[in-house]
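Enquirer: When we follow the working numbering, the leftmost residue of the sequence shown carries the number 112, and every step to the right adds one.
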Amino acid sequence: MKAIPPQGTAPLDFTTFHNVISNELTSTPQTRHGLNPANKQPNAEVPVSTQEDLDHAVAAAPTGFKKWSKVPLEARRAALLAYADALDAHKDQFTQLLTQEQGKPLSQASTEIDFSVVWIKGAVEVKLTDTVIEDSKEQTIIQRYTPLGVAAGIVPWNYPIILAIQKVISAVYAGNCIIIKPSPYTPYYDLKLAELATQFFPPGVIQALSGDDDLGPMITAHPGIDKISFTRSTVTGRKVMASCAQTLKRVTLELGGNDPAIVCEDVDIDAVLPKIGIFTFLTSGQICVSIKRIYVHERIYDEFCDKLVAFAKSLKIGAGTDPDTFFGPIQNAMQYEKAKDLIGSIASENLTIALDGKIEGPEGYFIHPVIVDNPPETSRVVVEEPFAPIIPLMKWSEEDDMIARANDTGMGLGASVWGKDAENC
Numbered sequence: 112m113k114a115i116p117p118q119g120t121a122p123l124d125f126t127t128f129h130n131v132i133s134n135e136l137t138s139t140p141q142t143r144h145g146l147n148p149a150n151k152q153p154n155a156e157v158p159v160s161t162q163e164d165l166d167h168a169v170a171a172a173p174t175g176f177k178k179w180s181k182v183p184l185e186a187r188r189a190a191l192l193a194y195a196d197a198l199d200a201h202k203d204q205f206t207q208l209l210t211q212e213q214g215k216p217l218s219q220a221s222t223e224i225d226f227s228v229v230w231i232k233g234a235v236e237v238k239l240t241d242t243v244i245e246d247s248k249e250q251t252i253i254q255r256y257t258p259l260g261v262a263a264g265i266v267p268w269n270y271p272i273i274l275a276i277q278k279v280i281s282a283v284y285a286g287n288c289i290i291i292k293p294s295p296y297t298p299y300y301d302l303k304l305a306e307l308a309t310q311f312f313p314p315g316v317i318q319a320l321s322g323d324d325d326l327g328p329m330i331t332a333h334p335g336i337d338k339i340s341f342t343r344s345t346v347t348g349r350k351v352m353a354s355c356a357q358t359l360k361r362v363t364l365e366l367g368g369n370d371p372a373i374v375c376e377d378v379d380i381d382a383v384l385p386k387i388g389i390f391t392f393l394t395s396g397q398i399c400v401s402i403k404r405i406y407v408h409e410r411i412y413d414e415f416c417d418k419l420v421a422f423a424k425s426l427k428i429g430a431g432t433d434p435d436t437f438f439g440p441i442q443n444a445m446q447y448e449k450a451k452d453l454i455g456s457i458a459s460e461n462l463t464i465a466l467d468g469k470i471e472g473p474e475g476y477f478i479h480p481v482i483v484d485n486p487p488e489t490s491r492v493v494v495e496e497p498f499a500p501i502i503p504l505m506k507w508s509e510e511d512d513m514i515a516r517a518n519d520t521g522m523g524l525g526a527s528v529w530g531k532d533a534e535n536c
């Protein structure tokens, strides 16, 4: 199989959006649209896939799998590299589309595309070689990577590009086929990713279905799908795992996080604070591995708090199309209402606010950054994942107590320690 060079790709129409089934662009009798979260204006219409549409995609996948799983690894690598180059060649259009549907600033949208291209090019360097575990007179044991079959990737709305690409590359490079199901809030980019893929891969290898909240359960329950890769909330992840268990599907879950950052006494505040601020507020806090709780040594707490407030105030809030914007909108009404409810709990629990972020409307889902001053560990703003620009700042003095507090969560994912000396921090 020869890869198609990016200069040979056909142009993409970024005004119409379709399902991709067996390399054909299809639609459905019922359609829906997402909203631009910066102004609540409707985006283009997209399909609302039914069980029948899913059945068609699943039926097409084994045909693609039979061909693609036999393609040599080097040819798969070449096709994926050409696909990455084509994605990069369409970067400007994809950047505009991502900001329009997700809301993040153009600079952050562009960076997400860059990371996606880098991810593809890095992932295809992974060696899928056989490993001889034992080779004796009695037996030979070989560890071998063999394609699994038909996978499905359920993609969230906060990073619809790179999280889709991670699922696609993991499946396709290993010789599998994949059906991508984007979030109903951000379907546009992933449909175009699959449309672009039709120029590089056989029918049935990379497909995409747009739908409403009914489509996800259809996918996890479908007996023709062998593997589910899911990224979203812990609550929904439990439902996905329970559904997959009914057909003994393999499943990978990447769920919520309440990620602590620990700031040590010896830290250079001026050096690390911008980094901590960025990792806290990037994408308006809508990242599963962003900083959600900050524990600061009591001897530097006041200075750190004042400087974090000043840093947050220095960042512009507005539509992602403004080149000076750092804080874009919350992506959708559901998350916006959850964030507003969490902000309401700060007042009802009589917590102290270091930075009181205002809530804007009605044009878009904008929330200014909120910094809560040393709330108790039992407060909602500490216990819950905000997925918004809301951050609790807490004091610590004793290391064992601080570690216990940082680990007191039912979530996983990320954590960070900030200091001059990692050994003595």
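Heads up, the beta-carbon is just placed ideally off N, CA and C, and yes, glycines get one too. Fair warning: this is a prediction, and the values are worked out from it, not measured in the lab.
If you reduce the DSSP assignment to three classes, tell me which class residue 338 lands in.
Expert: Taking the sequence shown and counting its residues from 1, the one referred to as residue 338 is at position 227. Taken through DSSP and simplified to helix, strand or coil, residue 338 comes out as strand.
Enquirer: Taking C-alpha atoms, which residue in 458, 406, 393, 340 lies nearest to residue 440?
Expert: Along the sequence shown, read from residue 1 onward, the residue named residue 440 stands at position 329. Residue 393 is the option with its Cα nearest to residue 440.
Enquirer: In whole angstroms, give me the CA-to-CA distance for residue 162 and residue 448.
Expert: Along the sequence shown, read from residue 1 onward, the residue named residue 162 stands at position 51. Along the sequence shown, read from residue 1 onward, the residue named residue 448 stands at position 337. Going from the Cα of residue 162 to the Cα of residue 448 covers about 31 angstroms.
Enquirer: Give the straight-line distance between the Cα atoms of residue 117 and residue 215, rounded to the nearest whole angstrom.
Expert: In the sequence shown, residue 117 corresponds to position 6, counting from 1. In the sequence shown, residue 215 corresponds to position 104, counting from 1. Any reading at residue 117 needs caution, since the residue's pLDDT is 44, under 50, leaving its predicted position unreliable; the model's value is listed next. If you take the alpha carbons of residue 117 and residue 215, they lie about 27 angstroms apart.
Enquirer: Cβ of residue 533 versus every heavy atom of the ligand NAP: is any distance shorter than 7 angstroms?
Expert: Absence of the ligand NAP from the depicted structure is noted, as is the absence of any ligand whatsoever, leaving it without description.
Enquirer: Considering only the beta carbon of each residue, do residue 287 and residue 262 sit closer than 8 angstroms?
Expert: Counted from its first residue, the sequence shown places residue 287 at position 176. Counted from its first residue, the sequence shown places residue 262 at position 151. Closer than 8 angstroms, so yes.
Enquirer: To which residues does DSSP link residue 142 through a beta bridge?
Expert: Here residue 142 refers to the residue found at position 31 when the sequence shown is read from its first residue. Paired residues: 158.
Enquirer: So who's on the other strand from residue 86, going by DSSP bridges?
Expert: Here the chain covers residues 112 to 536 and nothing more, so residue 86 does not appear.
Enquirer: Quick check: the Cα distance between residue 153 and residue 176, rounded to an integer number of angstroms?
Expert: Indexing the sequence shown from 1 puts residue 153 at position 42. Indexing the sequence shown from 1 puts residue 176 at position 65. Distance between the alpha carbons of residue 153 and residue 176 is about 37 angstroms.
Enquirer: Where do the ends of the alpha helix (DSSP H) carrying residue 298 lie?
Expert: Residue 298 sits at position 187 when you count from the first residue of the sequence shown. Segment: none, residue 298 is in no alpha helix (DSSP H) and carries neither H nor E.
Enquirer: Alpha carbons only, please: which of 519, 145, 304 is nearest the one belonging to residue 445?
Expert: Counted from its first residue, the sequence shown places residue 445 at position 334. Taking only the C-alpha atoms, the option nearest residue 445 is 145.
Enquirer: Excluding the five sequence neighbours on either side, which residues of its own chain have a C-beta within less than 7 angstroms of the C-beta of residue 256, listed in chain order?
Expert: Along the sequence shown, read from residue 1 onward, the residue named residue 256 stands at position 145. Excluding positions up to five away in sequence, the list reads 239, 285.
Enquirer: Counting only the same chain and skipping the five closest in sequence on each side, list residues whose C-beta sits under 7 angstroms from that of residue 432.
Expert: Locating residue 432 in the sequence shown gives position 321, where the first residue counts as 1. These residues qualify, in order along the chain: 210, 217.
Enquirer: Please state whether the Cβ-Cβ distance between residue 272 and residue 296 is less than 8 angstroms.
Expert: Working through the sequence shown from its first residue, we reach residue 272 at position 161. Working through the sequence shown from its first residue, we reach residue 296 at position 185. Contact: no.
Enquirer: Please list the terminal residues of the continuous beta strand (DSSP E) segment that includes residue 372.
Expert: Counting from 1 along the sequence shown, the entry for residue 372 is found at position 261. Unbroken beta strand (DSSP E) run through residue 372: 370 to 374.
Enquirer: Using 10 angstroms around the beta-carbon of residue 183, count the other beta-carbons present and answer buried if the total reaches 16, otherwise exposed.
Expert: Here residue 183 corresponds to residue number 72 of the sequence shown, with the count starting at 1. Residue 183 should be labelled exposed.
Enquirer: Counting pairs of beta carbons, one from the segment 497 to 504 and one from the segment 453 to 464, are three or more of them closer than 8 angstroms?
Expert: The segment 497 to 504, when compared against the segment 453 to 464, does touch it at the 8 angstroms Cβ threshold.
Enquirer: Output the distance between the C-alpha atoms of residue 199 and residue 213, rounded to the nearest integer angstrom.
Expert: Residue numbering aside, residue 199 sits at position 88 when the sequence shown is read from its first letter. Residue numbering aside, residue 213 sits at position 102 when the sequence shown is read from its first letter. Distance between the alpha carbons of residue 199 and residue 213: 19 angstroms.
Enquirer: Skipping 5 residues on each side, what residues in its chain have a beta carbon closer than 6 angstroms to that of residue 172?
Expert: Residue 172 sits at position 61 when you count from the first residue of the sequence shown. Apart from the 5 residues on each side of it in sequence, residue 172 sits with its Cβ closer than 6 angstroms to the Cβ of 261, 288, 315 in its chain, given in chain order.
Enquirer: What is the C-beta distance between residue 370 and residue 403, in whole angstroms, given that I count them as a contact (C-beta under 8 angstroms)?
Expert: Along the sequence shown, read from residue 1 onward, the residue named residue 370 stands at position 259. Along the sequence shown, read from residue 1 onward, the residue named residue 403 stands at position 292. Your pair residue 370 and residue 403 checks out as a contact, with CB atoms roughly 5 angstroms apart and the cut at 8 angstroms.
Enquirer: Going by DSSP, what residue range makes up the beta strand (DSSP E) through residue 246?
Expert: Translated into the one-based positions of the sequence shown, residue 246 becomes position 135. It spans 242 to 246 - the beta strand (DSSP E) in which residue 246 sits, taken as one unbroken run.
Enquirer: Check this for me: beta carbons of residue 128 and residue 304, under 8 angstroms apart or not?
Expert: If you number the sequence shown from 1, residue 128 lands on position 17. If you number the sequence shown from 1, residue 304 lands on position 193. No, Cβ-Cβ distance for residue 128 and residue 304 is not below 8 angstroms.
Enquirer: For residue 396, does the three-state DSSP call read helix, strand or coil?
Expert: The count along the sequence shown starts at 1 and reaches residue 396 at position 285. Reduced to three states, the DSSP call for residue 396 is helix.
Enquirer: For residue 474, which residues of its own chain have a beta-carbon under 6 angstroms away from its beta-carbon, when the five flanking residues on both sides are left out?
Expert: Position 363 of the sequence shown, counting from 1, holds the residue named residue 474. Answer for residue 474: 150, listed in chain order.
Enquirer: Leaving out five residues on either side along the sequence, give the residues of the same chain with a beta carbon under 7 angstroms from the beta carbon of residue 230.
Expert: Sequence index remark: in the sequence shown, residue 230 carries index 119 (1-based). Result list for residue 230: 273, 276, 277, 280, in chain order.
Enquirer: Can you look up residue 535 in the DSSP assignment and give me helix, strand or coil?
Expert: Position 424 of the sequence shown, counted from the start, is the residue given in the question as residue 535. It is coil, neither helix nor strand.
Enquirer: So, residue 320 versus residue 165, is the Cβ gap smaller than 8 angstroms?
Expert: Working through the sequence shown from its first residue, we reach residue 320 at position 209. Working through the sequence shown from its first residue, we reach residue 165 at position 54. Yes. Within cutoff.
Enquirer: Let me check one thing: in DSSP terms, what residues is residue 523 bridge-paired to?
Expert: Start at 1 with the first residue of the sequence shown, and residue 523 comes out as number 412. Partner(s): 368.
Enquirer: So, are the CB atoms of residue 58 and residue 420 less than 8 angstroms apart?
Expert: No information on residue 58 is available, as it lies outside the stretch 112 to 536 that the chain covers here.
Enquirer: Near residue 423, what residues of its chain come up, given a Cβ to Cβ distance below 7 angstroms and the 5 sequence neighbours on each side ignored?
Expert: Along the sequence shown, one-based indexing puts residue 423 at 312. If we look at residue 423 and ignore the five residues flanking it on each side, its Cβ neighbours are 388, 392, 466, 480, 482.
Enquirer: Would you mind sorting residue 509 into buried or exposed? The rule is 16 or more other CB atoms within 10 Å of its CB.
Expert: Numbered from its first residue, the sequence shown carries residue 509 at position 398. Exposed is the call here.
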